[in-house]
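Participant:
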Amino acid sequence: MMRALSWLYLAAAYLFIFLPVAVLVVFSFQDGRLPVPPLQGMSLKWYEKVLSDGDLMAALVNSLIVALISSAVALVLGFLAAHALARVKLPGSVLMRVLIIAPMTVSTLIIGLGLLTFFNQIGIRPSLLATGIGHVVINLPLCFAITYAAMGDHQKNAERAARDLGASEAQVLWLVSAPMLAPALAAAFFLSVTFSWDEFIIAFLLTRFDVTLPVEIWSMLRSGLSPATNAIGSLVFLVSIGVVVLAEIFILRRRA
Amino acid sequence: MSPAARERRQGWGLVAPALIWLLAFFLIPFAVMLALSFAHMEERTVVHGFDPGNYVRIFTDWTMFKALVNSIEITLVVSVVSVILAYPLAAIIAFRVPKRWQRLALLLAVLPFWTSYVVRSYAWLLVLGQNGVLNKALLGLGLISAPLEIAATRTATVIGFVHFFVMLLTLTIYANLIQLSPNYARAAQDLGAGRFQTFRHVILPLTLPGVVTGAFLTFVLCIGDYITPQILGGNNELTLPQLIMLQMGRGGNFPLASALSVVLMLVVTLAYLLSARWLRLDRV
Chain S
1 MMRALSWLYL AAAYLFIFLP VAVLVVFSFQ DGRLPVPPLQ GMSLKWYEKV
51 LSDGDLMAAL VNSLIVALIS SAVALVLGFL AAHALARVKL PGSVLMRVLI
101 IAPMTVSTLI IGLGLLTFFN QIGIRPSLLA TGIGHVVINL PLCFAITYAA
151 MGDHQKNAER AARDLGASEA QVLWLVSAPM LAPALAAAFF LSVTFSWDEF
201 IIAFLLTRFD VTLPVEIWSM LRSGLSPATN AIGSLVFLVS IGVVVLAEIF
251 ILRRRA
Chain U
1 MSPAARERRQ GWGLVAPALI WLLAFFLIPF AVMLALSFAH MEERTVVHGF
51 DPGNYVRIFT DWTMFKALVN SIEITLVVSV VSVILAYPLA AIIAFRVPKR
101 WQRLALLLAV LPFWTSYVVR SYAWLLVLGQ NGVLNKALLG LGLISAPLEI
151 AATRTATVIG FVHFFVMLLT LTIYANLIQL SPNYARAAQD LGAGRFQTFR
201 HVILPLTLPG VVTGAFLTFV LCIGDYITPQ ILGGNNELTL PQLIMLQMGR
251 GGNFPLASAL SVVLMLVVTL AYLLSARWLR LDRV
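Taken in order, these protein sequences are the chains called S and U. All residue numbers for the first sequence refer to the numbering used here, where the first residue is 1 and numbers rise by one. All residue numbers for the second sequence refer to the numbering used here, where the first residue is 1 and numbers rise by one.
#1: Are S:Leu-142 and S:Ala-188 touching if we call contact CB-CB under 8 angstroms?
#2: Identify, in the order they occur along the chain, each residue of the same chain with its Cβ nearer than 8 angstroms to the Cβ of S:Val-215, setting aside the five sequence neighbours on each side.
#3: Once DSSP output is grouped into helix, strand and coil, what is the label at U:Thr-45?
#4: Can you tell me whether DSSP reads S:Gln-121 as helix, strand or coil?
#5: Can you list, in chain order, the residues of its chain with a C-beta nearer than 8 angstroms to that of S:Ala-72? Leave out the 5 residues immediately preceding and following it.
#6: How many Å lie between U:Leu-266 and U:Thr-218 at the Cα?
#7: Among S:Ala-67, S:Gly-78, S:Phe-237 and S:Glu-48, whose alpha-carbon lies nearest the alpha-carbon of S:Trp-197?
#8: Checking 8 angstroms against the spacing of the C-beta atoms, do U:Leu-148 and U:Asn-135 come in under that value?
#9: If contact means a Cβ-Cβ distance below 8 angstroms, which residues of the stretch 112-123 of chain U contact chain S?
#10: Which chain S residues sit within Cβ distance under 8 angstroms of U:Ser-258?
#11: For chain S, check one thing: does any of its Cβ atoms lie closer than 8 angstroms to the Cβ of U:Leu-22?
#12: When burial is assigned at 16 or more other CB atoms within 10 Å of the CB, is S:Ala-256 buried or exposed?
#13: Would you mind sorting U:His-201 into buried or exposed? The rule is 16 or more other CB atoms within 10 Å of its CB.
#14: Any beta-carbon of chain S closer than 8 angstroms to the one on U:Gln-189?
#15: Taking S:Tyr-9 as the query, report the chain U residues whose CB atoms sit under 8 angstroms from its CB, ordered along the chain.
#16: How big is the Cα-Cα spacing for S:Met-2 and U:Arg-96?
#17: Could I get the ranges of all uninterrupted alpha helix (DSSP H) runs contained in the stretch 161-247 of chain U, with 4 residues as the minimum, in chain order?
#18: Give the interface partners of U:Tyr-55 over in chain S, defined as CB-CB distance under 8 angstroms, in chain order.
#19: Is there at least one Cβ from chain S nearer than 8 angstroms to U:Arg-200's Cβ?
#20: By the 9 angstroms beta-carbon criterion, what residues does the stretch 89-111 of chain S contribute toward chain U?
#21: Quick one, which of U:Pro-229, U:Gly-224, U:Pro-205 and U:Val-80 has its alpha-carbon nearest U:Ser-261's?
#22: Buried or exposed: which applies to S:Pro-91, given that a residue is buried once 16 or more other Cβ atoms fall within 10 Å of its Cβ?
#23: Could I get the ranges of all uninterrupted beta strand (DSSP E) runs contained in the stretch 115-164 of chain U, with 3 residues as the minimum, in chain order?
#24: Can at least three beta-carbon pairs, one atom from the stretch 220-236 of chain S and one from the stretch 126-143 of chain S, be found at a separation below 8 angstroms?
#25: Who are the neighbours of U:Leu-108 on chain S, taking C-beta pairs under 9 angstroms?
#26: Between U:Ser-82 and the rest of its own chain, which residues show a CB-CB distance below 7 angstroms, the 5 nearest in sequence each way excluded?
#27: Between the Cα of S:Phe-195 and the Cα atoms of S:Tyr-148, S:Lys-156, S:Val-137 and S:Leu-19, which residue gives the shortest distance?
#28: Cα-Cα, which of U:Met-33, U:Ala-90, U:Pro-209 and U:Val-263 is closest to U:Trp-278?
#29: Does any C-beta atom of chain S lie closer than 8 angstroms to the C-beta of U:Val-284?
#30: So the alpha helix (DSSP H) S:Phe-144 belongs to, where does it begin and stop?
#31: In whole angstroms, give me the CA-to-CA distance for S:Ala-81 and S:Ser-93.
#32: Identify each residue in the stretch 24-56 of chain U for which the Cβ-Cβ distance to at least one residue of chain S is less than 7 angstroms, and report them in chain order.
#33: Return helix, strand or coil for S:Met-1, following the three-state DSSP convention.
#34: Straight-line CA distance for U:Val-284 to U:Gln-179?
#35: May I ask you to report which of helix, strand or coil DSSP gives S:Gln-30?
#36: Starting from U:Lys-136, find everything on chain S with Cβ-Cβ shorter than 9 angstroms and list it in chain order.
Here it is, written out as C-alpha cells:
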C-alpha cells in the first residue's frame with residue numbers, strides 16, 4: 001500500500017515538474033501562430049526564425065561572454081579568499097566570511113538596484129560590463145563557499161609540505177592547492193556560469209543597447225505569445241541539458 | 001619579520017581582492033541606496049536630505065502596504081507548500097528508489113531547472129492560460145464547462161513559484177536524508193517506535209536544519225522575484241518587486257524604489273532572525 005502510494009506520488013511529481021517544459025517543447029513545433037492547443041502540425045519554421053534573428057543571436061553571444069568572464073573573476077576572487085581564510089587566522093576572519101557570504105542572502109533585485117543608483121551617481125553607464133560586475137557580486141559567495149568547504153586537513157598538509165620544500169606562495173596556490181581542488185573549482189565555475197547565463201534582473205537593470213539573452217527573451221514576451229519564444233526556450237533547454245550531461249559524464253568518469 | 005606575521009600579511013593579500021570587490025560593488029552601492037531612500041522627489045529631480053517620508057508613505061498608503069502584504073503572503077504560502085511537496089519526493093528518491101537509479105531520478109527531478117527562468121514562467125502561462133493546455137484538457141474531459149481563469153491571478157504565481165522551489169528543495173532535502181545513517185531509524189524501531197514515530201521523533205528533527213535552510217533560501221529568492229508574479233500574476237495585484245520596478249520605470253522615483261528595497265531587505269532580515277536557530281548557511 002505505502003509502496004504503491006510512493007510510486008504514485010513519484011509519478012505525479014514528475015508530471016508536475018515536466019508539464020511546462022513538455023508544453024514548451026511540443027508547441028515550439030507548432031505550425032500555426034499561437035503556441036496553444038490544438039497542435040496544427042509539425043514545423044521547424046519557428047526555429048528557423050529564431051536562429052536567423054540577429055538581435056537574439058547577438059544577445060546569446062553577449063550572455064555567453066558575460067557568463068564566462070564574470071564567473072572566471074568570481075572564481076579567482078573566491079578561491080583566493082577561501083584559501084586565505086581557511087589557512088591563516090586573521091583578526092576579524094568571521095566577520096570577513098560573513099561579508100563574503102552576505103550577497104547570497106540579498107535579493108538580486110536589491111543588488112541590481114544598488115548598483116544602478118551607485119553607477120548613476122559616479123557616471124558609469126549601463127552596459128554589459130556593469131552587468132558583469134553585478135554577476136561577480138552574486139557568484140563570488142558561491143565560489144567562496146564551495147571552495148572553502150572543499151578545503152580539508154589533507155590539503156593543508158600538502159600545502160605545508162610544499163612550503164617547507166621552498167615553494168613560494170604563488171607556486172603553492174598554482175601547483176598544489178588548485179589541482180587538488182580541481183573538482184570543486186570546476187563545480188563552482190560551472191554553477192556560476194549557469195547562474196549568470198540565466199540571470200535576468202541585474203542584466204535588465206544594468207544594460208541598455210547590448211543586452212543579454214534573458215533580457216532579449218523578456219522583450220519578445222512583451223509582444224505576446226508566440227511559438228518563436230517556445231523555440232528559443234527549447235534551444236536554451238537543449239544546450240543546458242547537453243552541458244549537464246557532459247558534466248555528469250565527466251564527473252562520473254573521474255570517480256570511477 | 002616573523003613567519004607568522006609574514007603568513008598573516010600574505011593572508012590579507014589574498015583575501016583583499018574579494019573584500020575590495022564586495023566593498024565597492026555591494027556595500028557602498030547599498031549605502032548609496034540607503035541614503036537615497038531618505039531623499040525625495042520634487043518635480044522630476046531628486047532632493048537629498050533626511051526625509052523619512054518614503055517610509056511613512058509605504059506604511060500608510062494602502063496600495064504600497066498591500067504590495068508588502070501580498071509579497072509576504074505569497075512567499076509564506078509558497079515556502080510551506082514547497083516544503084510539504086518536496087519532502088516526500090526527496091524521501092521517496094532517497095529510500096524507495098534503488099541506489100543505482102537515485103542519481104538519475106534526482107537529475108530528472110530538477111531537469112527543468114535548466115530552462116531559462118524567464119521561459120519557465122512563460123511555459124506555465126501556456127499551461128494555465130485561458131486557451132492553455134490545462135483548460136483544453138479539462139474541457140475535453142468534460143470536467144469543467146467553462147475555462148478556469150487561473151492565469152493573471154495569485155494562484156498562477158504560486159504554482160509557478162512552487163514548481164521552481166519544489167525542485168530546489170528536493171535537492172537540499174535529499175542531500176540531508178542521504179547523509180543520515182540508517183542506524184538511527186533501526187535503533188528507533190528496535191526500541192519499539194512505529195514508522196510514524198520514527199519519522200516524527202528521529203528523522204524529521206535530524207533533517208530539520210536542512211529543511212529550514214532550504215525554506216529560508218526559498219523565502220529569500222521568492223520574495224525578491226520580479227519575473228514570476230509579473231508574467232503569471234498579471235497586474236491585478238502587485239508584489240513588492242513589481243512595485244519597485246514600477247516606481248523606477250514609469251515614475252522614475254528612485255528614492256521611493258530604494259525605500260521599498262530597504263523594506264524588502266528588512267523583511268528578509270526578520271525571516272533570517274526567526275530561522276537563525278536552525279540555519280546552516282555555510283553548508284548549503
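Ideal Cβ placement from N, Cα and C applies to all residues, glycine included.
Facilitator: Reading from the atomic positions:
#1: yes
#2: Ala-59, Phe-200, Ala-203, Phe-204 and Thr-207
#3: strand
#4: helix
#5: Phe-189
#6: 16 angstroms
#7: S:Ala-67
#8: yes
#9: Pro-112, Trp-114, Thr-115, Ser-116, Tyr-117, Val-118, Val-119, Arg-120, Tyr-122 and Ala-123
#10: Leu-113 and Thr-117
#11: yes
#12: Interpretation of S:Ala-256 is limited by its pLDDT of 45, a score under 50 that renders its predicted location unreliable; no figure is taken from the coordinates.
#13: exposed
#14: no
#15: Pro-88, Leu-89 and Ile-92
#16: 10 angstroms
#17: 182-190, 195-198 and 204-223
#18: Per Cβ cutoff of 8 angstroms: no residues; U:Tyr-55 is ~16 angstroms from chain S at best.
#19: no
#20: Lys-89, Leu-90, Pro-91, Ser-93, Met-96, Arg-97, Leu-99, Ile-100, Ile-101, Ala-102, Pro-103, Met-104, Thr-105, Val-106, Ser-107, Thr-108, Leu-109, Ile-110 and Ile-111
#21: U:Gly-224
#22: exposed
#23: none
#24: no
#25: Tyr-14, Ile-17 and Phe-18
#26: Val-162, Phe-165, Val-166, Leu-169 and Thr-218
#27: S:Val-137
#28: U:Pro-209
#29: Because the pLDDT at U:Val-284 is just 45, under 50, the model does not fix this residue reliably, and the point stays unresolved.
#30: 128-150
#31: 11 angstroms
#32: Phe-25, Phe-26, Ile-28, Pro-29, Phe-30, Val-32, Met-33 and Leu-36
#33: coil
#34: Its pLDDT being 45, under 50, U:Val-284 is placed unreliably by the model, and nothing is read from it.
#35: strand
#36: Val-36, Pro-37 and Pro-38
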